[in-house]
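*Asks:* I have a structure I would like to understand better, so I am pasting it below and will then ask my questions one at a time.
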Amino acid sequence: MSNESDDPDPNAEDARAERLVAYLDGEMDDESSRRIEAELASDAGLRQQLGALEQTWEALDELDRCEVDERFTQTTLEMVALAAEEDVERVVKESPRRSRRRWLLGGIGLAAAAVAGFTAALLLWPNPNRQLLKDLPVLEHFEHYRLIDDVDFLKELQQQELFPEKTDGQ
Amino acid sequence: MLEVREDNAGAFEELMLRYQNRLVTVIEHLVGDRDQAEDLAQEVFLRVYRSRKSYTPGAKFSTWLFTIANNAASNALRSRNRRREVSLAGRESGPLGASPLEAIVQASSGQMPARQLDKAEMRDIVHLALGSLGERQRLAVLLSKFEEMSYADIAEAMELSPQAIKSLLSRARVNLRDVLAPYLERGEMPSRASEE
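So this is what it looks like as structure tokens:
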């Protein structure tokens, strides 16, 4: 890396240019900077290359810097304000629809939960009235049944369908 | 930007006033047309506003802004190139028009060693030298020169690695040197456009 004319390797030239540019851009760590500064001190060709790169970089200062006028600022702000208005309108328009959908889904969920809960309670909770309902026909005719002492006789009467109502299991 | 994110309209205006000239400058040198640069800058500000909620606190605003600008300008250049391919099939042209360096050489009186480095001419030559770079090299140069962005920030804005930016900027500066050195050293008009 001493003299560029002794080094025709394009990759080596690219690497050297990269180092010089990184040095000019302040993108080198201290150790690398010290190393390239030592090379520059002893290599006139490298110094010349650095000078040319620096000179062309400074030439870019000649490029125009734009100054926009008030019309640009105003129209841009108007465009943004319009976009903001559209945003608000969309939110307002979508809000009741979203809300309705949310309530509907919530309602369906709630109803499903209620049905499931009721079914579970029905299956799991022992109903104290169930036995009373089952015995109701017997209780209704209890006065008649009491006149007959023999249960077998009662069963025989039932088989002959002499009772007006059927009783479950009786 | 955090206040813009929270829908503070005054903060957006302030941000725009701070960046509008810088943004239009970079885009104009990128697309080579002032009117288109202003249109694109407006589009960029509109995109900034629309995506304000996705801005990450702590991120550098200028890097975010130029990432959006890079995408907008790239899209514009791509569609312009497509249109040009259709209308001028077979003709080669750079981003600033057909063979800009050759055009200025033709317009001038050839080699002029004793010529004074007129400021306007110098500006035109530098402008055309920049235009002779590829799109990516040009953007990296503009962000480095005008925005004084670090390699890491340029890499983020251009969605490349810092190492890629290092190589890109190095090649760009060598290309600029090759085009400008004859003019700067001996007053010779550039004879060819460099390529990326």
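First to last, the sequence lines map onto chains A and B.
Position 78 of the first sequence, counting from 1, maps to 82 under the working numbering, and the rest follow consecutively.
Position 178 of the second sequence, counting from 1, maps to 189 under the working numbering, and the rest follow consecutively.
Beta carbons: idealized from backbone N, C-alpha and C, even for Gly.
(1) With distances taken between CB atoms, is the gap from MET83(A) to LEU41(B) smaller than 8 Å?
(2) Evaluate the contact criterion for the stretch 72-86 of chain B versus the stretch 158-168 of chain B: three or more CB pairs, one atom per stretch, below 8 Å.
(3) What did DSSP end up calling THR78(B) once you bin it into helix, strand or coil?
(4) Give the residues of chain A in contact with ALA192(B), contact being defined as C-beta atoms less than 9 Å apart.
(5) By the three-class DSSP mapping on this structure, what secondary structure does THR80(A) have?
(6) Quick one: Cα of ARG102(B) to Cα of ARG149(B), how far?
(7) Quick one: is LEU161(A) buried, meaning 16 or more other Cβ sit within 10 Å of its Cβ, or exposed?
(8) Is GLN164(A) helix, strand or coil when you go by DSSP?
(9) Closest by CA to PRO68(B), which one among VAL15(B), ARG94(B) and GLU54(B)?
(10) Strictly under 8 Å for the Cβ-Cβ distance: is ARG39(A) near chain B by that measure?
(11) For a contact meaning CB atoms closer than 7 Å, what does ASN86(B) contact in chain A?
(12) From ARG182(B), PRO201(B), ARG197(B) and ASP18(B), pick the residue whose C-alpha is nearest to that of LEU57(A); which is it?
(13) Could you have a look at ALA70(B) and say whether DSSP puts it in helix, strand or coil?
(14) According to DSSP, is MET255(A) part of a helix, a strand, or is it coil?
(15) Am I right that MET27(B) and THR77(A) are in contact with their C-beta atoms under 8 Å? What's the rounded C-beta distance?
(16) Closest to ARG91(B) by C-alpha separation, out of LYS130(B), GLN47(B), VAL190(B) and TYR194(B), would be which residue?
(17) Could you give the C-beta distance for GLU158(B) and VAL72(A), rounded to a whole number, given that I count them as a contact under 8 Å?
(18) Between ALA22(B), GLY142(B) and GLN53(B), which lies nearest to GLN31(B) when the distance is taken from Cα to Cα?
(19) For the stretch 57-82 of chain B, list every residue whose C-beta sits within 8 Å of some C-beta in chain A, in sequence order.
(20) Where SER62(B) and LEU88(B) are concerned, what is the direct C-alpha to C-alpha distance, given to the nearest angstrom?
(21) Among ARG45(B), PRO173(B), GLU132(B) and GLY21(B), whose alpha-carbon lies nearest the alpha-carbon of ARG69(A)?
(22) Straight-line CA distance for PRO201(B) to ASP33(A)?
(23) Would you say GLU66(A) lies against chain B (beta-carbon separation less than 8 Å)?
(24) Quick one: which chain A residues come within Cβ less than 7 Å of VAL185(B)?
(25) Please decide whether GLN53(B) counts as near chain A, where near means a Cβ-Cβ distance under 8 Å.
(26) Please confirm whether VAL8(B) and LEU180(B) have their CB atoms less than 8 Å apart.
(27) Check the Cβ of ALA48(A) against every Cβ in chain B and list those closer than 9 Å, keeping chain order.
(28) How would you write the range of the alpha helix (DSSP H) that GLY55(A) sits in, first residue to last?
(29) Among the residues of its own chain, which have a CB less than 6 Å from the CB of ASP164(B), if the five just before and after it don't count?
(30) If you follow the alpha helix (DSSP H) that GLY21(B) is in, where does it begin and where does it stop?
(31) Distance check for ALA19(A) and ALA192(B), CA to CA, integer angstroms please.
*Replies:* Let's see:
(1) Result no, Cβ atoms of MET83(A) and LEU41(B) do not sit closer than 8 Å.
(2) Enough Cβ pairs lie closer than 8 Å, so yes.
(3) Three-state DSSP puts THR78(B) in a helix.
(4) At a C-beta separation below 9 Å, ALA192(B) has these neighbours in chain A: ALA56, GLN59 and THR60.
(5) Under the three-state reduction of DSSP, THR80(A) is assigned to helix.
(6) Reliability of the predicted coordinates at ARG102(B) is poor, the pLDDT of 46 falling under 50, and no value is obtained from them.
(7) Exposed, by the Cβ-count rule.
(8) In the structure shown, GLN164(A) sits in coil (DSSP, three-state: anything other than H, G, I, E or B).
(9) Nearest to PRO68(B) by C-alpha distance, out of VAL15(B), ARG94(B) and GLU54(B), is VAL15(B).
(10) Not one beta carbon of chain B lies nearer than 8 Å to the beta carbon of ARG39(A).
(11) Correct list: empty, because the minimum Cβ distance to chain A is about 18 Å.
(12) Closest option to LEU57(A), Cα to Cα, is ARG182(B).
(13) In this structure, ALA70(B) counts as coil in the three-state DSSP scheme.
(14) Since the first and last residues shown for chain A are 5 and 174, residue 255(A) lies out of range.
(15) Sure, about 7 Å apart at Cβ, within 8 Å.
(16) Closest by alpha carbon: GLN47(B).
(17) The Cβ separation is near 17 Å, so there is no contact.
(18) GLN31(B) has its Cα closest to that of GLN53(B), out of ALA22(B), GLY142(B) and GLN53(B).
(19) The residues in question are LEU57, TYR60 and ARG61.
(20) Approximately 23 Å between the Cα atoms of the pair.
(21) Taking only the C-alpha atoms, the option nearest ARG69(A) is ARG45(B).
(22) Counting only the Cα atoms, ASP33(A) lies some 36 Å from PRO201(B).
(23) Put simply, the CB of GLU66(A) is near chain B, with a gap under 8 Å to one of its CB atoms.
(24) Neighbours of VAL185(B) on chain A, chain order: ALA21.
(25) Yes, because at least one Cβ of chain A sits closer than 8 Å to the Cβ of GLN53(B).
(26) Given a span of 12 to 207 for chain B in the structure shown, any question on residue 8(B) remains unanswerable.
(27) Annotation: ALA48(A) has no Cβ neighbours in chain B at a cutoff of 9 Å; minimum Cβ distance is about 16 Å.
(28) For GLY55(A), the uninterrupted alpha helix (DSSP H) run begins and ends at 48-63, by DSSP.
(29) Around ASP164(B): THR74.
(30) Judged by DSSP secondary structure, GLY21(B) falls within the alpha helix (DSSP H) whose first and last residues are 20-42.
(31) The alpha-carbon atoms of ALA192(B) and ALA19(A) are separated by roughly 20 Å.
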